[in-house]
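Participant: Got a structure for you, written out below as structure tokens; questions coming shortly.
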Amino acid sequence: MSIFQNAVNADLPRAIAGKGSYLTLENPKTGAQYDILDGSSGAAVAAVGHNHPRIVQAMQHCAGLPYIFTHAVGSKQADDLAELILSKSNGAFSRALFLNSGSEANETAMKIATQFFYEQGQTQRCNFISRDFSYHGNTLGSLSLGGFKSRQVPYKEILNSKAFHKVSTCFPYRHQKDGQTEEQYTQMLLDELDAKFQELGPDTVIAFVCETVIGATLGAVPPSKGYISGCRDICHKYGALFLLDEVMCGMGRTGTYHAWEPEFEAGTGGPDIQTVAKVLGGGYVPLAGVLLSPKVFDVFQKGSGIVYGHQTYQDHVFATGVALEIQRLIFDQNLIEECFEMGKYLGMALKRKFADNPYVGDVRGRGLFWDVEFVADKATKEVFPASMNLAGIMHVRCIENGAHFLKGKGTIDSVLGDHMMVSPAYTVTRVEIDRMIDVLANTLAEVLAENGYN
Ligand SMILES: Cc1ncc(COP(=O)(O)O)c(C=O)c1O
413 MSIFQNAVNA DLPRAIAGKG SYLTLENPKT GAQYDILDGS SGAAVAAVGH NHPRIVQAMQ
473 HCAGLPYIFT HAVGSKQADD LAELILSKSN GAFSRALFLN SGSEANETAM KIATQFFYEQ
533 GQTQRCNFIS RDFSYHGNTL GSLSLGGFKS RQVPYKEILN SKAFHKVSTC FPYRHQKDGQ
593 TEEQYTQMLL DELDAKFQEL GPDTVIAFVC ETVIGATLGA VPPSKGYISG CRDICHKYGA
653 LFLLDEVMCG MGRTGTYHAW EPEFEAGTGG PDIQTVAKVL GGGYVPLAGV LLSPKVFDVF
713 QKGSGIVYGH QTYQDHVFAT GVALEIQRLI FDQNLIEECF EMGKYLGMAL KRKFADNPYV
773 GDVRGRGLFW DVEFVADKAT KEVFPASMNL AGIMHVRCIE NGAHFLKGKG TIDSVLGDHM
833 MVSPAYTVTR VEIDRMIDVL ANTLAEVLAE NGYN
């Protein structure tokens, strides 16, 4: 093995093929091949399934297109993709640009937000506010923006702690106090955000950044009622920008094209800047996007007219051409409606399966974006010891038992607190969902029994 992979010494099974919700894996030692269900579409990415004939055909077509440096030459593919996304956003966005990863998209969003104020002479604005337990990417800037401590520890000394400030996350299952209503919980968080603006000096803040529905760190956590719109109101009260990271939860994953749609009154727009990725390229191409509201675009258009910095593969012709076909497929086949309906089935099936399980504390999610959080004690919400590595073992064992899910750890303190995410393709069938849930439940029982929990 020559690849320097995440788990340096692991001999991982290799994917050799895929079709719809299925992956074919190969054991690198024995050569044995077997099929598993992709219960999480990788990391909530492969929304139209693997090896979709229409996308494969589009890829063949796009393979003949030239590489261009989009600093100097444009492409119809990138422009059409931007136009399609804008046309499905009800006026919330005026322009889009495309990069290669969610991390890059968040880096770029932070730079655009900073330049937005630079263009207006507000150079005193130099602070970002984001949330504890958040993940916004793996580059140094996006890691500084994030608040998931265990992912930051080795790099702590080189991360930027001067410009990046944190407030509490919105996580009702663990942080809403006994006797506190949802409205009171939301208000408590909004008061904290407002106080953070005051502490930093309201006119020093560039933007507040959060995920609309929290993804991999805490596991498919929808915001409490009124939270997202309340955050936007506070940002605007202080003249700052409101930036949503929908890298994981966006592009239909939660049952609406943008996860923020149910959070705002219709017709009042969305965030000032939004990042998207995963479902944009659907696993076929690495692609991410930054979407700009009319307010932000206007300042650039009327200001210097220049976006500082450009990347070699920005608005890449092949990647945007393929992503365009993926987005067209999603709309032509009403896959977001499908995701919404199938999501209701998945949510109900998960809740039914785990309702009486003493080791499942919470089942939460929206659309086809769900999470099951494990606890050693349902009443106290006490978690399993780190030494058990429950999510890590579950991840491996579920694959052996026939399904892949995204593992998660750290709902308590970014280390302790195990959970698994279920986020299948929008094309998943009920039969496939039932099989996925059986694998998850049976594997949980198996692993817990081995550790003396019956
Ligand atoms: C919410 C969120 N933001 C940013 C990122 C970073 O995206 P990428 O891994 O494509 O760099 C991720 C990745 O999981 C994410 O979930």
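FYI, our numbering numbers position 212 of the sequence shown as 624, with every residue one higher than the one before it. Yeah, the Cβ is synthetic: ideal placement off N, Cα and C, and Gly gets one too. Since the model is a prediction, treat every value here as computed from it, not as a measurement.
1) What is the residue span of the beta strand (DSSP E) that residue 594 lies within?
2) Just to check, is the beta-carbon of residue 513 closer than 7 Å to a non-hydrogen atom of ligand 1?
3) Return yes when the Cβ of residue 602 is within less than 8 Å of the Cβ of residue 640, no when it is not.
4) Closest to residue 746 by C-alpha separation, out of 664, 725, 675, 777, would be which residue?
5) Please give the ranges of any alpha helix (DSSP H) in the region 701-761, keeping only runs that are unbroken, at least 4 residues long and fully inside the region.
6) Please list the terminal residues of the continuous beta strand (DSSP E) segment that includes residue 428.
7) Quick one: what's got a C-beta closer than 7 Å to residue 796's C-beta in the same chain, skipping five residues either side?
8) Using the Cβ count rule (16 or more neighbours within 10 Å means buried), how would you classify residue 764?
9) Span of the beta strand (DSSP E) holding residue 656?
10) Would you mind giving the Cβ-Cβ distance between residue 687 and residue 517, rounded to the nearest angstrom? I have them listed as a contact below 8 Å.
11) Can you find the residues in the same chain that come closer than 8 Å, C-beta to C-beta, to residue 552, ignoring five residues on each side of it along the sequence?
12) Straight-line CA distance for residue 847 to residue 774?
13) Suppose only complete runs of 3+ residues qualify. What are the beta strand (DSSP E) ranges in the region 420-471, listed by chain order?
14) Ordered along the chain, which non-local residues of its own chain (more than five positions away) have a Cβ less than 8 Å from that of residue 769?
15) Please state whether the Cβ-Cβ distance between residue 807 and residue 790 is less than 8 Å.
16) Please report the straight-line C-alpha distance between residue 612 and residue 656, rounded to a whole angstrom.
17) For residue 446, count neighbouring Cβ atoms within 10 angstroms of its own Cβ and tell me buried if that reaches 16, exposed if not.
18) Distance, Cα to Cα, residue 449 vs residue 649?
19) Once DSSP output is grouped into helix, strand and coil, what is the label at residue 619?
20) Round the Cβ separation of residue 676 and residue 507 to the nearest angstrom and send it over; I've been treating them as touching at under 8 Å.
21) In chain order, what are the residue ranges of uninterrupted beta strand (DSSP E) at least 3 long that sit wholly in the region 803-864?
22) Under 8 Å between the Cβ atoms of residue 865 and residue 771?
23) Please name the residue, chosen from 423, 434, 416, that lies closest to residue 843 on a Cα-to-Cα basis.
24) Determine whether the beta carbon atoms of residue 617 and residue 740 lie at a separation below 8 Å.
25) Return the chain-ordered list of same chain residues with a C-beta closer than 6 Å to the C-beta of residue 826, the five sequence neighbours on each side being excluded.
26) Assuming residue 661 contacts residue 624 (C-beta within less than 8 Å), just tell me the rounded distance between them.
27) Can you tell me which of the three DSSP states residue 590 falls into?
28) What residue does the beta strand (DSSP E) around residue 540 start on, and which one ends it?
29) With 16 as the cutoff for other CB atoms within 10 Å, does residue 821 come out buried or exposed?
30) List the residues that DSSP assigns as beta-bridge partners of residue 687.
31) Would you call the CB atoms of residue 581 and residue 702 closer than 8 Å?
32) CA-CA distance, residue 667 and residue 636?
33) Counting only the same chain and skipping the five closest in sequence on each side, list residues whose C-beta sits under 7 Å from that of residue 576.
34) According to DSSP, what are the bridge partners of residue 777?
35) Taking buried to mean at least 16 other C-beta atoms within 10 Å of its own C-beta, is residue 658 buried or exposed?
36) Considering residue 504, what are the terminal residues of the beta strand (DSSP E) in which it resides?
Facilitator: Considering the structure as presented:
1) Within the sequence shown, numbered from 1, the residue matching residue 594 stands at position 182. Per DSSP, residue 594 belongs to no beta strand (DSSP E); it is in the alpha helix (DSSP H), 594-612.
2) In the sequence shown, counting from the first residue as 1, residue 513 sits at position 101. Yes, Cβ of residue 513 sits closer than 7 Å to a heavy atom of ligand 1.
3) Taking the first residue of the sequence shown as position 1, residue 640 is located at position 228. Taking the first residue of the sequence shown as position 1, residue 602 is located at position 190. It is not a contact, given that the beta carbons lie outside the stated cut-off.
4) Here the question's residue 746 lines up with position 334 in the sequence shown. Closest option to residue 746, Cα to Cα, is 664.
5) 706-714, 729-744
6) Along the sequence shown, one-based indexing puts residue 428 at 16. That run of the beta strand (DSSP E) goes 426-431.
7) As a position in the sequence shown, residue 796 is number 384, starting the count at 1. These residues qualify, in order along the chain: 786, 788, 802, 830.
8) Along the sequence shown, one-based indexing puts residue 764 at 352. Residue 764 is exposed by the Cβ-count criterion.
9) Counting from 1 along the sequence shown, the entry for residue 656 is found at position 244. Where residue 656 is concerned, the enclosing beta strand (DSSP E) stretches over 653-658.
10) Counting from 1 along the sequence shown, the entry for residue 687 is found at position 275. Counting from 1 along the sequence shown, the entry for residue 517 is found at position 105. Indeed they touch by this definition, with Cβ atoms about 4 Å apart.
11) Counting from one through the sequence shown, the residue named residue 552 turns up at place 140. These residues qualify, in order along the chain: 567, 570, 571, 572.
12) Sequence index remark: in the sequence shown, residue 847 carries index 435 (1-based). Sequence index remark: in the sequence shown, residue 774 carries index 362 (1-based). Cα-Cα distance, rounded: 20 Å.
13) 426-431, 434-438, 445-450
14) As a position in the sequence shown, residue 769 is number 357, starting the count at 1. 853, 856.
15) Counted from its first residue, the sequence shown places residue 807 at position 395. Counted from its first residue, the sequence shown places residue 790 at position 378. No, they are not a contact pair.
16) The sequence position of residue 612 within the sequence shown is 200, counting from 1. The sequence position of residue 656 within the sequence shown is 244, counting from 1. Spanning the two alpha carbons is a distance of roughly 21 Å.
17) Numbered from its first residue, the sequence shown carries residue 446 at position 34. Burial call: exposed.
18) Here residue 449 corresponds to residue number 37 of the sequence shown, with the count starting at 1. Here residue 649 corresponds to residue number 237 of the sequence shown, with the count starting at 1. Using only the alpha carbons, I get a separation of about 47 Å.
19) Working through the sequence shown from its first residue, we reach residue 619 at position 207. Of the three classes helix, strand and coil, the one that applies to residue 619 here is strand, per DSSP.
20) Working through the sequence shown from its first residue, we reach residue 676 at position 264. Working through the sequence shown from its first residue, we reach residue 507 at position 95. Going by Cβ atoms, the distance from residue 676 to residue 507 rounds to 20 Å, so no, they are not a contact pair.
21) Correct list: 818-821, 830-834.
22) For the purposes of this step, residue 865 is taken as residue 453 along the sequence shown, with counting starting at 1. For the purposes of this step, residue 771 is taken as residue 359 along the sequence shown, with counting starting at 1. Contact: yes.
23) What you label residue 843 is simply residue 431 of the sequence shown in a count that begins at 1. The shortest Cα separation from residue 843 among 423, 434, 416 belongs to 434.
24) As a first step, residue 617 is located in the sequence shown; it is residue number 205 there, counting from the start. As a first step, residue 740 is located in the sequence shown; it is residue number 328 there, counting from the start. No. Outside cutoff.
25) Numbered from its first residue, the sequence shown carries residue 826 at position 414. For residue 826, where only same-chain residues beyond five positions count, the Cβ hits under 6 Å are 560, 561, 562.
26) Taking the sequence shown and counting its residues from 1, one reaches residue 661 at position 249. Taking the sequence shown and counting its residues from 1, one reaches residue 624 at position 212. Confirmed, Cβ separation roughly 6 Å.
27) Position 178 of the sequence shown, counting from 1, holds the residue named residue 590. Residue 590: coil per DSSP, three-state reduction.
28) Locating residue 540 in the sequence shown gives position 128, where the first residue counts as 1. Note, residue 540: beta strand (DSSP E), 539-543.
29) Indexing the sequence shown from 1 puts residue 821 at position 409. Classification for residue 821: buried.
30) Residue mapping note: residue 687 aligns to position 275 of the sequence shown, counting from 1. Per DSSP, 657, 702.
31) Position 169 of the sequence shown, counted from the start, is the residue given in the question as residue 581. Position 290 of the sequence shown, counted from the start, is the residue given in the question as residue 702. Annotated as distal: residue 581 and residue 702, with beta-carbon spacing of 8 Å or more.
32) Taking the sequence shown and counting its residues from 1, the one referred to as residue 667 is at position 255. Taking the sequence shown and counting its residues from 1, the one referred to as residue 636 is at position 224. The alpha-carbon atoms of residue 667 and residue 636 are separated by roughly 17 Å.
33) Here residue 576 refers to the residue found at position 164 when the sequence shown is read from its first residue. So the list reads 540, 542, 556, 557, once near-sequence residues are dropped.
34) As a first step, residue 777 is located in the sequence shown; it is residue number 365 there, counting from the start. Looking at the DSSP assignment, residue 777 forms a beta bridge with 782.
35) By one-based count along the sequence shown, residue 658 stands at place 246. Buried: at least 16 other Cβ atoms inside 10 Å.
36) Numbered from its first residue, the sequence shown carries residue 504 at position 92. No beta strand (DSSP E) holds residue 504; DSSP gives it neither H nor E.
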